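Chemist: Going by my numbering, the sequence shown opens with residue 6, and the numbers climb by one from there. Once you've had a glance at the structure underneath, I'll fire off some questions.
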Amino acid sequence: MRVLVPFGSSALTGYIVAVTPQPETGGKPARIRPVTARLEETPSVSPDLLALTEWVAERYLAPLGQCLRLAFPGAPDGRTNRKRTSRVVEDRPTPVVPPPVAADFPVALPPLHKKILDAIVRQTHESVLVPATTHALVGFYGEAIQATLDQGRTALVLVPEAAGVEAVQAFFTARWGGRCQTYHGALPPGDRRRAWARIQQSEAAVVLGTRSAVFAPLSRVGLIVIDQEDHPAYKAENVPRYDARVIAAERARRSGAVLVLASAHPSLETVHATGWDQDARALHSASANAPSMTVVDLRDTPSGEILSTPLLEAMAAHLVVRKRVLLFLNRKGYASVLICRDCGHAVQCPACSVGWTFHKHDGTLRCGYCGRTGKAPETCPACTGTRLFQTGLGTEALEEAVHLRFPAARVARLERQRAGGDRANAAILSLWQAEELDILIGTLLVITRMPRPVASLVGLVNPDATLHLPDFHAAEQAYHTLSEVMTLADPHDSDAAIMLQTHIPQHHVIRALAQRDPGIFYENELAARKALGYPPFGRLIGLRVSGTKEDLVEAAAIRWATLLRTAGGTSQNKIEVLGPIPATPAKVRGRLRWQLVVKGTDEAALRQAVRVTFADLEKAGKAGGLRYDIDVDPQSLLS
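Dropping the structure here:
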């Protein structure tokens, strides 16, 4: 339970997690200050959820206080006492649960669906991968949830983003009414606390939410569904940087619940854990009647051409019969960076070591990391040369090219951080739904905003850029993203088509998309990961040192690497340390950054090595504003 405790001249939120007969003072006289007030009259977090947060702290090498906050609706002062914890154990009333009800299921269920429903009825723990889209599974989710409720148990459904909650909320509410409760970070604080209280008091038996809902205070959990399980939003960016999929799996194991992992293009880890072949082939056969797919080889196309002749011809053919076109390019602005022809200097954000994105429509530069803006210079900041040129084409340049070739077409761009903000994007989607636009140019928003824009022709303008990122997850993320964008080709349009422009048609991601055969992607990517010892065949912990003085940051990163190599040498299982190197980018918001990665097959040994060395570094002090960050199972090495 939560309490207010004195901390200097202020009062902070503390958590009583245990009671001990004697204070742990290390032989020194006890200096215990009294609790100021209790924030609850009775414990509000169950012993099993408390144990789960302790497991999270251990798993992600995070302070227990930060993890405990995840299980509560929110601390009043927004701060946490990280140093003091104690243990209280009290009996809590067990919710009254109706007796199990026998269920009759249709005989002609798909095998995976029948497997899930049978496990729910038997009340046995099972993890099942279902390779299908949210739209195809909503009806089945209803059946599985109802079967769980019939057993006197509760259900938790996770979706990646709040917009996804809204998309399926009506279905859930219509079926279960007040027994269903939404729970996610986008709720206003008061609504979130009331939702948490309803769940904790067993007024809601079905919870629909985003990643934070994995800590919802449900009792007797019988079913956990992770929809679009490959989505990166399930990994938290802030301490404790938990992965909701990993915690859901642990919670399902502890509760004896059925875990359903659903995605039309599952993550590599899930495919490896559950067996890829049957699921991938099922996806392949299900897409036999999908829109036509054409790969345009750009290797013979003149440099700088953003739209190839085949794509232009396809666009003209669709527009002439009043059918709409969607062009996907996940790069905003007119150009990625301004470069000086005289000295080669790239014009960069002064607070971050990344090139400014040039926006031609208003002549501004914008940093994609800190959001800082400025006017485009007329001369090079390094040599005062006047020969600045733009490189790396973005959505503005694409829009300019489209207007040039199709001047009569009604064109709009859908992207974040645009003039008019979210309202402008909502207006554009409304125009699209009303069929008052002919061509839509979009970034990732085309697959994250609801309702999704569906078109007769979908053009993937430059997918190669994402495949060349220096990150072991680059190919997988590109495959998931491009697969999702391809679903925007109207399945009810007999003329629907997809065109993909590429300089690397032989890449396994491109071949898998072109042939609509997930097996090509999974076989090749798993083989590459295995050869290099990357997940799911090995484990990674990403480490970063940041500060305001470059020499101190570099020295601290080198010291951490040295300590880790020494710690790894005493381990029975080999620990590999990659780096340290300057992070990508090396400076963000004025802070210099270095990174290193710990790699190996023994998770416990990796965590122990990081834990011990981190403690040594903390003792050495934080001169120069040094900060040490730990990311267990990083989803990307670029951040």
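Glycine included, every Cβ here is placed at the ideal spot set by N, Cα and C. In this text the structure is predicted, and so the values were computed from the model without any measurement.
When burial is assigned at 16 or more other CB atoms within 10 Å of the CB, is S435 buried or exposed?
Modeler: S435 is exposed by the Cβ-count criterion.
Chemist: Give the DSSP-derived three-state secondary structure of Y247 in the structure shown.
Modeler: Residue state, collapsed to three classes: coil.
Chemist: If you follow the beta strand (DSSP E) that E420 is part of, which residue opens it and which one closes it?
Modeler: Segment: none, E420 is in no beta strand (DSSP E) and carries neither H nor E.
Chemist: Between the region 447–459 and the region 305–324, are three or more C-beta pairs nearer than 8 Å?
Modeler: No: the two stretches stay apart, fewer than three of their Cβ pairs being nearer than 8 Å.
Chemist: Assuming the contact rule is C-beta atoms closer than 8 Å, M491 and L518 should be a hit. Round their C-beta distance to whole Å, please.
Modeler: Yes, M491 and L518 are in contact; Cβ-Cβ is about 7 Å, under 8 Å.
Chemist: Go ahead and pull the three-state DSSP assignment for L9.
Modeler: If DSSP states are grouped into helix, strand and coil, L9 belongs with the strands.
Chemist: Please report the distance separating the alpha-carbon of R304 from that of A609.
Modeler: Spanning the two alpha carbons is a distance of roughly 47 Å.
Chemist: For Y188, which of helix, strand or coil comes out of DSSP?
Modeler: Y188 falls in the strand class under three-state DSSP.
Chemist: Closer than 7 Å to a non-hydrogen atom of the ligand COA - does that hold for the CB of L434?
Modeler: Within the structure as shown, the ligand COA is missing, as the structure has no ligands at all.
Chemist: If I follow the unbroken alpha helix (DSSP H) through Q640, where does it start and stop?
Modeler: Neither: Q640 is in no alpha helix (DSSP H) and is coded neither H nor E.
Chemist: Given D123, which residues of its chain have a CB within under 7 Å of its CB, disregarding the five upstream and five downstream residues?
Modeler: None.
Chemist: When burial is assigned at 16 or more other CB atoms within 10 Å of the CB, is T18 buried or exposed?
Modeler: Buried.
Chemist: Unbroken beta strand (DSSP E) runs of length 3 or more, entirely within the region 383–460: which are they?
Modeler: Correct list: 393–398, 416–419, 444–447.
Chemist: Among D232, P116, A76, which residue has its Cα nearest to the Cα of A141?
Modeler: Closest option to A141, Cα to Cα, is D232.
Chemist: Have a look at the DSSP bridge pairing and note the partners of A494.
Modeler: Partner(s): A460.
Chemist: Of all the options G144, H236, H277, which has the alpha carbon lying nearest to the alpha carbon of G543?
Modeler: Ranking the options by Cα distance to G543, first place goes to H277.
Chemist: What number of angstroms, rounded off, separates the C-alpha of R184 from the C-alpha of V211?
Modeler: Those two C-alpha atoms are separated by around 6 Å.
Chemist: Taking the alpha carbon of L569 as the point to measure from, which residue in R250, R197, E581 has its own alpha carbon closest?
Modeler: Nearest option by C-alpha distance: E581.
Chemist: Could you please give the first and the last residue of the uninterrupted alpha helix (DSSP H) stretch that includes A304?
Modeler: Sequence inspection shows Arg at residue 304; the Ala mentioned does not correspond to that position. No alpha helix (DSSP H) contains R304, which DSSP labels as neither H nor E.
Chemist: Note down, one range per segment and in chain order, each alpha helix (DSSP H) of at least 4 residues found wholly within the region 509–576.
Modeler: If we require 4 residues or more, the alpha helix (DSSP H) runs fully inside the region 509–576 come out as 513–520, 523–537, 555–574.
Chemist: Using DSSP with H/G/I as helix, E/B as strand and the rest coil, what is Y65?
Modeler: In the structure shown, Y65 sits in coil (DSSP, three-state: anything other than H, G, I, E or B).
Chemist: Use the C-beta contact count for Q27: other C-beta atoms within 10 angstroms, 16 or more gives buried, fewer gives exposed.
Modeler: Flag for Q27 reads exposed.
Chemist: Does the region 56–67 touch the region 239–249, meaning 3 or more C-beta pairs lie closer than 8 Å?
Modeler: The region 239–249 vs the region 56–67: in contact.
Chemist: For the alpha helix (DSSP H) containing K120, list its first residue and its last residue.
Modeler: Here the alpha helix (DSSP H) through K120 covers 116–127.
Chemist: When you compare only the Cα positions, how much space is there between S91 and Y146?
Modeler: For S91, the predicted structure reports a pLDDT of 38, less than 50, and the residue's modelled location is therefore unreliable. The matter cannot be settled from this model.
Chemist: For S15, which of helix, strand or coil comes out of DSSP?
Modeler: Here S15 sits in strand by DSSP.
Chemist: According to DSSP, is S297 part of a helix, a strand, or is it coil?
Modeler: It is a strand residue.
Chemist: D500 by DSSP, collapsed to three states: which one?
Modeler: Three-state DSSP puts D500 in coil, outside helix and strand.
Chemist: How would you call S260, buried or exposed, if buried means at least 16 neighbouring beta carbons within 10 angstroms?
Modeler: Counting Cβ neighbours within 10 Å, S260 comes out buried, since at least 16 surround it.
Chemist: Short of 8 Å in beta carbon distance, which residues of its chain neighbour I525, apart from the five on each side in sequence? Order them along the chain.
Modeler: Same-chain partners within the cutoff: H513, R516, A517.
Chemist: Write down every uninterrupted run of the beta strand (DSSP E) in the region 196–270 whose length is 3 residues or greater and which is fully enclosed by it, in chain order.
Modeler: Listed in chain order, the complete beta strand (DSSP E) runs (minimum 3 residues) inside the region 196–270 are 211–214, 226–232, 263–267.
Chemist: For V593, report the span of its beta strand (DSSP E) as first-last.
Modeler: Counting along the chain, the beta strand (DSSP E) containing V593 begins and ends at 581–593.
Chemist: Please report the straight-line C-alpha distance between L73 and Y20, rounded to a whole angstrom.
Modeler: Cα to Cα, the separation comes out at about 8 Å.
Chemist: L465 to R336, Cα distance in whole Å?
Modeler: Straight-line Cα distance between these residues: approximately 12 Å.
Chemist: I need the boundaries of the alpha helix (DSSP H) containing F176, first residue and last residue.
Modeler: Run containing F176: 167–181, per the alpha helix (DSSP H) assignment.
Chemist: Which of helix, strand or coil does DSSP assign to G605?
Modeler: Of the three classes helix, strand and coil, the one that applies to G605 here is strand, per DSSP.
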